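Trainee:
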Amino acid sequence: MRTTRMTALVAAAITAATLFHAPAAQAEEARPYTEAAAADGRLYAYYDYNYQRYCASWSGDSKNWGRCRNTTSSLWNNGYPGDYDDVRVYWGLNHSGAYRGVHNGVGLANLSRWTFDRNTGAGSGQSLNNNISSHMWVNL
């Protein structure tokens, strides 16, 4: 009887831990762009236009966007206001090549409407859509 009770308690604890952690992870991944959203210090990338199909988010710099590299069609800078709240996205890995600044709080629903700044290196003048490899938090 004691073994059955202990097994039931362990099973209940595992179930509770799973339920407790699952919504938080899903909430972060599914966080959509909204103008009224509170800043959370992250840059969000989405595979599709209009913030559809979440790819990833970062709170720090990234030298390689991994699975999001050259596959992103919308993004959102939801950084905390203050120093280093803007983001510079780069055409190349390791913050190389052409770049474009994205100010704090700005969401770009359709990256095909935006290009990398001219005369900033390889990729300058090209569309941001499916063309971003890395990013860095900066002051613009």
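Last residue of the sequence shown: number 155 in the working numbering, and the count goes up by one each step with no gaps. By construction, the Cβ of each residue, glycine as well, lies at the ideal position given by its N, Cα and C atoms. All figures in this text were calculated on a predicted structure; none of them were measured in a lab.
Just to confirm, is the Cβ distance from Tyr48 to Tyr59 under 8 Å?
Mentor: In the sequence shown, counting from the first residue as 1, residue 48 sits at position 33. In the sequence shown, counting from the first residue as 1, residue 59 sits at position 44. Cβ distance < 8 Å, so Tyr48 and Tyr59 count as in contact.
Trainee: Helix, strand or coil, according to DSSP, for Arg115 in the structure here?
Mentor: Here residue 115 is taken as the residue at index 100 of the sequence shown, counted from 1. Correct three-state label for Arg115: strand.
Trainee: Do you know how far the Cα of Leu155 is from the Cα of Asp98?
Mentor: Your numbering for residue 98 matches position 83 in the sequence shown. Your numbering for residue 155 matches position 140 in the sequence shown. Distance between the alpha carbons of Asp98 and Leu155 is about 10 Å.
Trainee: If you follow the beta strand (DSSP E) that Asn92 is part of, which residue opens it and which one closes it?
Mentor: Here residue 92 refers to the residue found at position 77 when the sequence shown is read from its first residue. Element bounds for Asn92: Ser89 to Asn93.
Trainee: Could you round the C-beta distance between Asp101 and Asn93 to whole angstroms and report it? I think they count as a contact, below 8 Å.
Mentor: Indexing the sequence shown from 1 puts residue 101 at position 86. Indexing the sequence shown from 1 puts residue 93 at position 78. Not confirmed; about 12 Å, so no contact.
Trainee: Ends of the beta strand (DSSP E) at Trp80?
Mentor: As a position in the sequence shown, residue 80 is number 65, starting the count at 1. From DSSP, Trp80 is part of no beta strand (DSSP E); its letter is neither H nor E.
Trainee: Could you compute how far the alpha carbon of Ser149 sits from the alpha carbon of Tyr61?
Mentor: For the purposes of this step, residue 149 is identified with residue 134 of the sequence shown, where counting begins at 1. For the purposes of this step, residue 61 is identified with residue 46 of the sequence shown, where counting begins at 1. C-alpha separation (whole angstroms): 14 Å.
Trainee: Report yes if the CB atom of Thr86 is closer than 8 Å to the CB atom of Asn125, and no otherwise.
Mentor: In the sequence shown, residue 86 corresponds to position 71, counting from 1. In the sequence shown, residue 125 corresponds to position 110, counting from 1. Their beta carbons are not under 8 Å apart, which means Thr86 does not touch Asn125 by this criterion.
Trainee: Who pairs with Asp63 in a beta bridge, going by DSSP?
Mentor: Indexing the sequence shown from 1 puts residue 63 at position 48. Answer is Gln67, bridged to Asp63.
Trainee: Considering only the beta carbon of each residue, do Val104 and Ile147 sit closer than 8 Å?
Mentor: Locating residue 104 in the sequence shown gives position 89, counting from the first residue. Locating residue 147 in the sequence shown gives position 132, counting from the first residue. A contact, by the Cβ cut-off of 8 Å.
Trainee: Tell me the DSSP secondary structure of Ser72 in three-state form.
Mentor: Locating residue 72 in the sequence shown gives position 57, counting from the first residue. Ser72: strand per DSSP, three-state reduction.
Trainee: Between the Cα of Gly112 and those of Gly122, Gly56, Phe131 and Trp152, spot the shortest distance and give me the residue it belongs to.
Mentor: Within the sequence shown, residue 112 is the residue found at index 97, counting from 1. When only C-alpha atoms are compared, the closest one is Phe131.
Trainee: Excluding sequence positions up to five away, which residues of its chain have a Cβ less than 7 Å from the Cβ of Gly140?
Mentor: Residue mapping note: residue 140 aligns to position 125 of the sequence shown, counting from 1. If we look at Gly140 and ignore the five residues flanking it on each side, its Cβ neighbours are Thr130, Phe131 and Arg133.
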